[in-house]
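Asker: If you read the protein sequences in the order shown, they are chains V and C.
Each step along the first sequence adds one to the number in my numbering, with nothing skipped, and position 54 is 260.
Each step along the second sequence adds one to the number in my numbering, with nothing skipped, and position 340 is 592.
Glycine residues also receive a C-beta, built at the ideal position from the N, C-alpha and C atoms.
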Amino acid sequence: MFQLSPQGKEKVLAELKRYESRQSAVLPALYIAQAENKGYISPEVIKELSRVMELPEANINEVCTFYTMYNKEPIGNHHVQVCRTLSCMLNGAKELSEHICSQLGTHLGQKTKDGKFTVTEVECLGSCGTAPMMQIGDKYYENLTHESAMNIIRSLK
Amino acid sequence: MSEVKYLTEFYHLPEFKGLEGYKKNGGYVQLAKALKMQPQAIIDEVKASGLRGRGGAGFPTGMKWGFLPKNDEPRYLLCNADEGEPGTFKDRMMMEKAPHQLVEGMIISAFAINCKKSYIYVRGEYDDSINALEAAIQEAYKAGYLGKNILGSGFDHDMDVYRGAGAYICGEETGMISSLEGLKGQPKLKPPFPAVQGYLKKPTIVNNVETLAAVKYIMRDGAAGYRKYGTEKSAGSKLFSLSGNVNKPGNYEVPLGYPLKDMINGLGGGIKNGRKLKAVIPGGSSAPVLTAEEALNANLDYENLAAAGTMLGSGAIIVIDDSKCMVECLANLTHFYHHESCGQCTPCREGTGWADKIVHSILSGKGRLQDIELLVKVADNMKGRTICALSDAAALPIISFVTKFRDEFEYFVREGKSKVKGTAYKGHAYAATASH
Ligand SMILES: Cc1cc2nc3c(=O)[nH]c(=O)nc-3n(C[C@H](O)[C@H](O)[C@H](O)COP(=O)(O)O)c2cc1C
Ligand code: SF4
Ligand code: FES
Chain V
207 MFQLSPQGKE
217 KVLAELKRYE
227 SRQSAVLPAL
237 YIAQAENKGY
247 ISPEVIKELS
257 RVMELPEANI
267 NEVCTFYTMY
277 NKEPIGNHHV
287 QVCRTLSCML
297 NGAKELSEHI
307 CSQLGTHLGQ
317 KTKDGKFTVT
327 EVECLGSCGT
337 APMMQIGDKY
347 YENLTHESAM
357 NIIRSLK
Chain C
253 MSEVKYLTEF
263 YHLPEFKGLE
273 GYKKNGGYVQ
283 LAKALKMQPQ
293 AIIDEVKASG
303 LRGRGGAGFP
313 TGMKWGFLPK
323 NDEPRYLLCN
333 ADEGEPGTFK
343 DRMMMEKAPH
353 QLVEGMIISA
363 FAINCKKSYI
373 YVRGEYDDSI
383 NALEAAIQEA
393 YKAGYLGKNI
403 LGSGFDHDMD
413 VYRGAGAYIC
423 GEETGMISSL
433 EGLKGQPKLK
443 PPFPAVQGYL
453 KKPTIVNNVE
463 TLAAVKYIMR
473 DGAAGYRKYG
483 TEKSAGSKLF
493 SLSGNVNKPG
503 NYEVPLGYPL
513 KDMINGLGGG
523 IKNGRKLKAV
533 IPGGSSAPVL
543 TAEEALNANL
553 DYENLAAAGT
563 MLGSGAIIVI
573 DDSKCMVECL
583 ANLTHFYHHE
593 SCGQCTPCRE
603 GTGWADKIVH
613 SILSGKGRLQ
623 DIELLVKVAD
633 NMKGRTICAL
643 SDAAALPIIS
653 FVTKFRDEFE
663 YFVREGKSKV
673 KGTAYKGHAY
683 AATASH
């Protein structure tokens, strides 16, 4: 069973008061819970949020499934998101994500065997002038080459 | 012609990000001035300035504000910082380098439309923007620019940031309102327009980051001063995000009406690796593509690009060189729109799916000649029949790519490989992918 930490719970309760409507707190609450559940939202997480927020599970679940930044399945410790959209593609994004996958011995969307990485391709991250680029966690890495991308990835613990 | 530094005058100064540095360079002077004016006089000034929305549709800002009901009903100002249109990265720079510029523009706008609460809806991935804005808002509260009785004027205003969670459709104004309400980001049928019925069914003005930041400069220079740059119908300067196969990609501020040729070959330093220009998407991925010849004759303003059969959109210029395969480029975009369709309307949900399948079938070397016609037909059926404009935004690139670069599509079908690259496509990026 998943339970929010006392601090997490406090944060969720604060979000409920922050906006003009309680339902508006669902998106921020999902972020808070995701951070406390190894980076993904399980059915248990939805149950817990529903209890704490006093909102129906269905309301929270449908929001969770609509947005791409909530992971619905366990992911590696580091989520490597390579932008695949046009400006990045024109600058070699496809070759880059293939290179990263082959170097890590994995496929898109699949955790590496050691559980450290999941590589996915995502749509335009608003960094098209510094293509190709990737996001890992909250951070953007721009103007990548195959070498620089792998150096960044290998330096992550 | 050269760049101008109007909105971006102080962007090279790291100190411009914080309140001290912002104030040293003229910050919050215009707010003090505005608070002594009649709100209607501000709206009139914005109308006279000719400012048009910088988010994509180019709707006149003052006119939009004029649609608000004339009573005292609570209303909201919602800043659109979702910036999801492929190729666009100007709002991110504005928020990271000059968060107070946006905050000041928003307080002035809020005062003009008698609004006590505003939100900035920022796409979830923009961590640095969110941190910069939250810090700026906190500083503004401390300094008395936000909160109760701002600068002794009797005007109260609260501002907050809302973090999106990864969905292009939340950039559409009614999708954004749904998302801000804590729901799926699904657009709603218009009318009623948000200015009449928006967030929590209250009147809501939705404006882009760059639009709201510009309001401060209209206060400073007046409508006539603001019109120093630009054309009669496209007033002012605008930030353009230049990307793709150019030597110097980046954000450039130029007067509206600036030649696209100078943007690519001048500011952009020309085409990378000594290649030749093949095509340009001038206004974000939803804008119809231009051939090299069309692009070199176009100017960056609303009326000129409309006359060229395309649009200024969000100001994202994507440059494609002659080593790139147009079938592959289109496949990249159909994948995007299929992935981002929210699925409410049948023509959009089914159309984006079919289009993506057909283009990918051509790309894998298995296309048939009739697929090219079918593709255009599918796109035609997606136009003008849906709740929001995403469906049209997906259809326009399809039609323009197929019409203007038909030879590449026909070659691919006939020969089973790309005219430019000499191969068909396999590999993981072209495997069928799921969408929501
Ligand atoms: C599919 C779709 C996506 C959009 N994405 C954005 C966006 O990311 N940012 C934005 O400012 N406007 C976007 N818009 C336009 C908004 O609906 C709205 O017109 C705009 O925010 C109004 O602000 P403005 O008048 O200042 O341009 C989008 C529209 C559509 C149909
Ligand atoms: S046009 Fe497409 S994105 Fe817009 S509401 Fe309809 S299904 Fe959703
Ligand atoms: S296309 Fe990759 S960041 Fe925009």
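For ligand 3, is there any heavy atom lying closer than 8 angstroms to the beta carbon of residue 339 of chain V?
Answerer: yes
Asker: Taking the alpha-carbon positions, what's the residue 441 of chain C to residue 618 of chain C distance?
Answerer: Whole-angstrom Cα-Cα distance: 39 angstroms.
Asker: Assuming residue 448 of chain C contacts residue 392 of chain C (C-beta within less than 8 angstroms), just tell me the rounded distance between them.
Answerer: In this structure residue 448 of chain C is not in contact with residue 392 of chain C, their Cβ atoms being roughly 29 angstroms apart against a cut-off of 8 angstroms.
Asker: Any heavy atom of ligand 1 closer than 8 angstroms to the beta-carbon of residue 425 of chain C?
Answerer: The answer is yes for residue 425 of chain C.
Asker: Give a yes or no on whether 9 angstroms exceeds the smallest Cβ distance from residue 345 of chain V to chain C.
Answerer: yes
Asker: What residues in the segment 570-591 of chain C bring their beta carbon closer than 9 angstroms to a beta carbon of chain V?
Answerer: Hits within the stretch, in order: 570, 571, 572, 573, 576, 580, 581, 584, 585, 587, 588, 591.
Asker: Looking at C-alpha atoms only, which residue of C/417, C/305, C/603 is the closest neighbour of residue 377 of chain C?
Answerer: C/417
Asker: Around ligand 2, what residues have a beta-carbon under 6 angstroms from a heavy atom of it, in chain order?
Answerer: C/421, C/439, C/593, C/594, C/595, C/596, C/597, C/600, C/601, C/638, C/639, C/640, C/642, C/643
Asker: Considering just the uninterrupted stretch of the beta strand (DSSP E) at residue 415 of chain C, what are its terminal residues?
Answerer: 410-415
Asker: Closer than 9 angstroms, CB to CB, is residue 431 of chain C near chain V or not?
Answerer: yes
Asker: Quick one, are the C-beta atoms of residue 303 of chain V and residue 325 of chain V less than 9 angstroms apart?
Answerer: yes
Asker: Residues of chain C with CB closer than 7 angstroms to the CB of residue 374 of chain V, please, in chain order.
Answerer: Missing from the structure shown is residue 374 of chain V; chain V here goes from 207 to 363 and no further.
Asker: Run the proximity test for residue 329 of chain V: is its beta-carbon closer than 8 angstroms to any non-hydrogen atom belonging to ligand 1?
Answerer: no
Asker: What does the alpha-carbon distance come out to for the pair residue 683 of chain C and residue 263 of chain C?
Answerer: Reliability fails at residue 683 of chain C, whose pLDDT of 42 lies under 50, so the model's placement of it is uncertain and the value that follows must be treated cautiously. Distance between the alpha carbons of residue 683 of chain C and residue 263 of chain C is about 42 angstroms.
Asker: Tell me whether the segment 326-343 of chain V and the segment 480-495 of chain C touch, counting them as touching only if at least three CB pairs, one residue from each stretch, are closer than 8 angstroms.
Answerer: Cβ pair count under 8 angstroms is three or more, so yes.
Asker: Identify every residue that forms a DSSP beta bridge with residue 450 of chain C.
Answerer: Note: residue 450 of chain C sits in no beta bridge, so no partner.
Asker: Going along the chain, which residues of the segment 245-260 of chain V sit with their C-beta nearer than 8 angstroms to a C-beta in chain D?
Answerer: No chain D is part of this structure, whose protein chains are labelled V and C.
Asker: For residue 263 of chain V, which residues does DSSP report across the bridge?
Answerer: Residue 263 of chain V pairs with nothing; no bridge assigned.
Asker: Verify the contact flag: residue 293 of chain V, CB atom, against every heavy atom of ligand 3, threshold strictly below 8 angstroms.
Answerer: yes
Asker: Going by the CB atoms, is the gap between residue 589 of chain C and residue 646 of chain C shorter than 9 angstroms?
Answerer: yes
Asker: For residue 313 of chain C, which option in C/304, C/581, C/320 has the closest C-alpha, if you only look at C-alpha atoms?
Answerer: C/304
Asker: Any beta carbon of chain C sitting closer than 9 angstroms to that of residue 282 of chain V?
Answerer: no
Asker: For residue 525 of chain C, which three-state DSSP category applies?
Answerer: It is helical.
Asker: Just to confirm my understanding: we take residue 528 of chain C, look at its own chain, exclude 5 residues before and 5 after, and list those with CB closer than 8 angstroms. What are they?
Answerer: 544, 573, 574
Asker: Going by the C-beta, is residue 289 of chain V closer than 8 angstroms to any heavy atom of ligand 3?
Answerer: yes
Asker: Out of C/511, C/497, C/331, which has the shortest C-alpha to C-alpha gap to residue 482 of chain C?
Answerer: Out of C/511, C/497, C/331, C/511 has the C-alpha closest to the C-alpha of residue 482 of chain C.
Asker: Could you tell me which of C/516, C/260, C/508 sits nearest to residue 501 of chain C, measuring between CA atoms?
Answerer: The option with the nearest alpha carbon to residue 501 of chain C is C/516.
Asker: Hey, would you say the C-beta of residue 464 of chain C is under 8 angstroms away from at least one heavy atom of ligand 1?
Answerer: Yes.
Asker: Pick helix, strand or coil for residue 621 of chain C, following the three-state DSSP scheme.
Answerer: helix
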